[in-house]
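Protein chains in written order, with numbering that gives the first Met the number 0: chain A, 0 to 350; chain B, 0 to 275; chain C, 0 to 467.
The structure appears right after this line, and notes come after that.
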Amino acid sequence: MENGWIWFLLAVGALLTGSLWVRLRPLARWHRWRALRERALFEDALKHLLTFEHSSRDATVESLAGSLRLSQKRLLRLIARMEAAGLLHSHGAALHLSSEGKQWALRVVRAHRLWERYLADEAGVPLGELHHAAERAEHRLTPEELDALDAHLGHPLRDPHGDPIPTATGAVTPLEALPLTDWPLDQPAQILHVEDEPEVIFKEIVAEDLRPGTRVWVLERRPEYLIISDGQVEHRLTPVVAANIHVAKAIEGPSQPAELVRLADLVEGEEAEVAALDPDCRGFSRRRLLDLGLTPGARVRVELSPAFGDPRAVRVRGSLIALRREQAAQVWVRGGSRSDGKSQHAGASQS
Amino acid sequence: MKPVQPTMSTCETCPAHAQLAQMGIDLRKYDRVVALAGNPNTGKSTVFNALTGLKQHTGNWPGKTVTRAEGGFAWGGIRYKLVDLPGTYSLLSASQDEEIARNFLLFGQPDCTIVVVDATALERNLNLVLQVLEITDKAVVCVNLMDEARRKGLEVDVRSLSRDLGVPAVPTVARTGEGLGDLIRAVTEVINGEVRTSPRRPPAPPEVRDAVEELLQLADGLELSLPSARWVAYRLLEGDHRVRQALLSGELAQLVTAQAAPSRRASRKIALEGAQ
Amino acid sequence: MSDRVHTLTPQDVLVRADALQRKLGGRFRDKIVESLYDEAERIARRAVHTRTDRHWDLDQRIDRLVTSPIFGMPLMLFILAVIFWVTIAGANYPSELLATGLFWFEARAVELFNAWGIPWWITGFLWHGVYRGLAWVVSVMLPPMAIFFPMFTILEDLGYLPRVAFNLDWLFKKAGAHGKQALTMAMGFGCNAAGVIATRTIDSPRERLIAILTNNFVPCNGRFPTLIMLATIFVAAAFPPALASLAAAGAVVAVVLLGALFTLLVSWGLSRTILKGEASAFTLELPPYRRPSVMRILYTSLIDRTLFVLWRAIIVAIPAGAVIWILANISVGGASLAQHTADFLNPLGVAIGLDGVILLAYVIAIPANEIVVPTILMMYLGTGMMIELEGFEQIRALLVDQHGWTLLTAVNLMLFSLLHNPCGTTIWTIWKETRSRKWTLVGALMPLGIGFLVTFLTATAVRAFGWI
């Protein structure tokens, strides 16, 4: 009996290996993997050079080595290959992108940011997870896929962090924004951009739930910290963190909290009129809410709001629709029959 | 099931048929193809079952029909194939079921489309009707669940509905079979051209009108004069991947030829023999 | 290409469309939908005249009760328990009747064959193999299904299921999954393959994949007979007769709840590991309650489901019956092939509190789970005494007295029946839906792995504490 087991396992093992070999074609796979890896190396190097160019610094072999984590020997080989391909020139220790190299680099940046936009809008991937996923996907997308993605997303101008997305021709709309550290006190501002590197700081920003589109006011500024408000909660940020958040003058929009309340804040039995969907509500979830008839002017009535109101069921255009709190919070309504509700939400804008 | 690939010679005479064959519709036993669209929970499957005598499983919950079901029925000596599309709220969201439905309506070119609506929630259901009417001229609105509407104290003026939409609207109670005869009669009349339809297509919203007009003119330059030209323009302005592809590959141009083909009925007959 | 006149190409149109799209900004679609709804509102206002809306109040009152935080969940469990109780209590007698009749027929047929002098192996193959497999499937499965499905269909037609999804959504949200997963699970009660297809209504690919991979944790109707039989023989037997069927129903409900628990746990685990992400948008329509139509319920549940499932089981049971008979009757080295295989699988089986025959039955039953119990019984019979089983008492005698089943065997078999690889059809469906070998493999092996682990832990714990 003991031997039987061993033979059985051996036979199953051999069968599996054999069939996998035929099915998966490891050799072909390996070649593909190598080609992809080579492309990824090229592209990562190009991105690095582009980043340095934007901050008007000279990229060097050392800086590249630090970024790509390659051995000296392999790195030099890579640089030689890229130079031969006409992607970069070296001037002494400094490395510069050629115009072709720059085009390519911009294409990678475009792929990265479009993919982030896609993940955020359509797949609901949280802000903190986007970067890593896009780091992988940016090397795989073909130009045709990119164009289709771009059109599908409605040619977005910015990625979820607020960084501009280069167009197919490589044009970049520069960001006109100030770091939060330089923003005047008590002026309403809108977050345009959140720097996703270094990661420690980015994680802190994500943890505070500050994202592009959020309206904020700087309430207090001290050398050790800043206090800002997003209309609901006050956040205390260190200057290092605040410097990684870029803001501009807030655009007057439907998210103006003064007259409107969120559908999520209505209580059972309350009726109101939809004013707008939050600009933060994008992609699939926006399309879905629109399709269900939550367009401006529609009457809504909260019919079921059990437990903690999550999910809640809302009567809209004759049918009963269940929404989670997150979705209900993205619908701005006016004229809720509750009288005290409005003042409670209006307070934040006049501080 | 292997879709019948039309050869070049049959394609010239039977473009509409070729379109349907490409959608995987087996046409050997049928003269006409009728699509069944509608919101979830409108009793669409019940209408389907009542018409075809099939017993597709129905249940009172959204999104139950996720695949395309097919059945047939005969009326006045003509054999109809009924294709039950997934229930959707809209044709714009590009979720999987919506894509199945709208690809069929646009590229499959059914002879007529029945849009089943819930008489108790007309407003929301009409959203889909208007979208279907953007795509096709040949449609009949089936105002189902009339009994429930009556119970809820709703009076639905089907004549006014029909006038406003520009296509026949037929009140039905699919569960009891009430009004289904009228429904089929309306379908045949639309197919035969006895009833001229002039689907209601609300003007494009002012903010986007210029862009839509410009694109429509460009489409005219390509001789893409589809009844659904404006809808195609909408889709292009939204970056719809499938429609972009169809434009590039010439699939849209093929649809134009399909619709311009003289005497579709005759060509369908030829096609039926030719495809075998 | 140097045309004299520049002709317009589709490419030009596309480029222009892109430029226009960019100019319009991201709110094009909002405008279109708004205009459509404005128009719809206008048309509807002209066409619809309201007299009252009393009826909605009634719906709302029911909804308040059904989704209430206090009554909602208990009501759901109560309904589930009642359904199983009625099924178990009602199926017992018809099952025995059917078994008696079918085996009586077998005995007569065998007598007749013997009288005609037909060789023993033809008689054995046809009647003790093929026919007996069939008879088991029919008598064990038909009555419970004929009772269970109509009741379940009534729930579906009423519109109660979306309310269940509504009530359970907060749990799925915590698990990082979609509330509609509850609906796909409800479909899974009928058939896991159907449940996997039903996940198409979940729009987020991540959440859809979670729903696909975990659907197998809902026992499908092919597995209910196993659960019901075990609950009746082992659990019910431990209680006084008055409470027996209640206890059995309770055991089945417990297994279903355990399945739901595993669904949530695994969903939670998946959305924190290989399928990372936050819960996406959730919208679900709660349709108005509708009176179910009796004819359709009978048709749907009896023809569409009961006979369909039975037919599938029969198709698989016939060749399986033949295979089992061959395995049991071809001897190599003094023991039958079935004996050899079962002996071979026995160490593994014993380690997880089962035995080799049960594992072999699960291997044979990969095409359809319906035949697990019949396979086990036939194998025990084929390798042991040829007796006729006419009801649960004899089955109990066979399993407990002759093959040493204990409460642990029964409990672990119930667990294993809940937690093992999906049937062939479901695996195939997962592949068709995901088009990915990787996810198909995960979908097939993950439940099996969990099953082995759970049963092994149970068996080890029970033995360590010396309870058995």
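Note that CB positions come from ideal geometry on N, CA and C, so glycine has one too.
Worksheet entry | Chain-ordered neighbours of residue 197 of chain B on chain C, where CB pairs are closer than 8 Å | Neighbourhood of residue 197 of chain B in chain C, by CB distance below 8 Å: empty, with the nearest CB roughly 14 Å away.
Worksheet item: Buried or exposed: residue 175 of chain A, going by 16 or more other Cβ atoms within 10 Å of its Cβ?
Response: exposed
Worksheet item: I think residue 111 of chain B touches residue 139 of chain B, with their Cβ atoms under 8 Å apart; what is that distance to the nearest whole Å?
Response: 6 Å
Worksheet item: So which residues on chain B does residue 291 of chain A lean against when the C-beta distance must stay under 8 Å?
Response: What residue 291 of chain A touches in chain B: 88 and 123.
Practice prompt. Closer than 6 Å by C-beta to residue 247 of chain C: which residues in its own chain qualify, once you throw out the five before and the five after it? Chain order, please.
Written response: 87, 230, 231, 234 and 235
Item to complete: Can you pull the chain C residues whose beta carbon is under 8 Å from the beta carbon of residue 204 of chain B, in chain order?
Response: 30, 31, 33 and 34
Worksheet item: Within the 8 Å Cβ cut-off, does residue 323 of chain A reach chain C?
Response: The C-beta of residue 323 of chain A comes closer than 8 Å to at least one C-beta of chain C.
Worksheet entry | residue 178 of chain C - DSSP class collapsed to helix/strand/coil | coil
Worksheet item: Could you give the residue range of the alpha helix (DSSP H) that holds residue 48 of chain B?
Response: 43-51
Discussion item. I want to know whether the segment 259-279 of chain A touches the segment 232-241 of chain A - three or more CB-CB distances under 8 Å.
Written reply: no
Fill in: Beta carbon of residue 168 of chain C nearer than 8 Å to that of residue 281 of chain C
Yes.
Practice prompt. Assign residue 466 of chain C to one of two classes, buried (16 or more other C-beta atoms within 10 Å of its C-beta) or exposed (fewer than that).
Written response: With a threshold of 16 other beta carbon atoms within 10 Å, residue 466 of chain C falls short and is exposed.
Practice prompt. Note down, in chain order, each residue of its chain lying with its Cβ closer than 6 Å to the Cβ of residue 183 of chain B, except the 5 sequence neighbours on either side.
Written response: So the qualifying residues of the chain are 74.
Worksheet item: Which residues, in chain order, does the segment 66-93 of chain A contribute to contact with chain B at a C-beta distance below 8 Å?
Response: none
Worksheet entry | Nearest-angstrom Cα separation, counted from residue 149 of chain A out to residue 214 of chain A | Going by the C-alpha atoms only, they are around 27 Å apart.
Practice prompt. Taking 8 Å as the threshold, find out whether the segment 75-89 of chain C comes into contact with the segment 121-136 of chain C through three or more Cβ pairs.
Written response: no
Fill in: 9 Å Cβ cut-off: residues of chain C touching residue 49 of chain A
Those within 9 Å of residue 49 of chain A in chain C number zero; the least Cβ separation is about 23 Å.
Worksheet item: Considering only residues of the same chain and omitting the five flanking positions on each side of residue 292 of chain A, which have a CB-CB separation below 7 Å?
Response: 315 and 316
Worksheet item: Does any CB atom of chain A fall closer than 8 Å to the CB of residue 64 of chain B?
Response: Legend: pLDDT at residue 64 of chain B = 49, less than 50; position of this residue unreliable, value from coordinates given subsequently. Taking CB atoms only, residue 64 of chain B has no neighbour in chain A less than 8 Å away.
Worksheet item: For residue 171 of chain B, which residues from the same chain have a beta carbon less than 8 Å from its beta carbon, with the 5 sequence-adjacent residues on both sides left out?
Response: 46, 141, 142, 143, 145, 177, 178, 179, 181 and 182
Item to complete: Return yes when the Cβ of residue 100 of chain A is within less than 8 Å of the Cβ of residue 140 of chain A, no when it is not.
Response: Remark: C-beta atoms of residue 140 of chain A and residue 100 of chain A do not approach each other more closely than 8 Å.
Worksheet item: According to the Cβ coordinates, are residue 191 of chain A and residue 247 of chain A closer than 8 Å?
Response: Against a cut-off of 8 Å, the Cβ pair of residue 247 of chain A and residue 191 of chain A comes out as a contact.
Worksheet item: Anyone know if the C-beta pair for residue 143 of chain C and residue 223 of chain C falls short of 8 Å?
Response: yes
Practice prompt. Could you name the residues of the same chain whose beta carbon sits closer than 7 Å to that of residue 335 of chain C, not counting the 5 residues immediately before and after it, in chain order?
Written response: 326, 327, 328, 329 and 382
Discussion item. So the candidates are A/77, A/18, A/82 and A/48; which of them puts its Cα closest to the Cα of residue 37 of chain A?
Written reply: A/77
Worksheet entry | Endpoints, beta strand (DSSP E) assigned at residue 72 of chain B | 68-74
Worksheet item: Taking the alpha-carbon positions, what's the residue 79 of chain C to residue 62 of chain C distance?
Response: For residue 79 of chain C and residue 62 of chain C, the distance between alpha carbons rounds to 18 Å.
Worksheet item: At what residues does the beta strand (DSSP E) containing residue 170 of chain B begin and finish?
Response: 168-170
Worksheet item: Interface residues of chain C around residue 129 of chain B at Cβ under 8 Å?
Response: 35, 38 and 39
Fill in: In DSSP terms, what residue 189 of chain A is bridged to
A/214 and A/247
Worksheet item: So, does the CB of residue 286 of chain A fall closer than 8 Å to a CB anywhere in chain B?
Response: yes
Practice prompt. Check whether the Cβ atoms of residue 302 of chain A and residue 59 of chain C lie closer than 8 Å to each other.
Written response: yes
Worksheet item: In whole angstroms, what separates the C-alpha of residue 253 of chain A from that of residue 277 of chain A?
Response: With a pLDDT of 46 at residue 253 of chain A, under the threshold of 50, the modelled position of this residue cannot be trusted, and the question is left open.
Discussion item. Looking only at its chain, what residues have a beta carbon closer than 6 Å to the beta carbon of residue 273 of chain C, apart from the 5 residues adjacent to it on each side?
Written reply: none
Item to complete: Could you name the residues of the same chain whose beta carbon sits closer than 6 Å to that of residue 218 of chain B, not counting the 5 residues immediately before and after it, in chain order?
Response: 228
Practice prompt. May I ask you to report which of helix, strand or coil DSSP gives residue 371 of chain C?
Written response: helix
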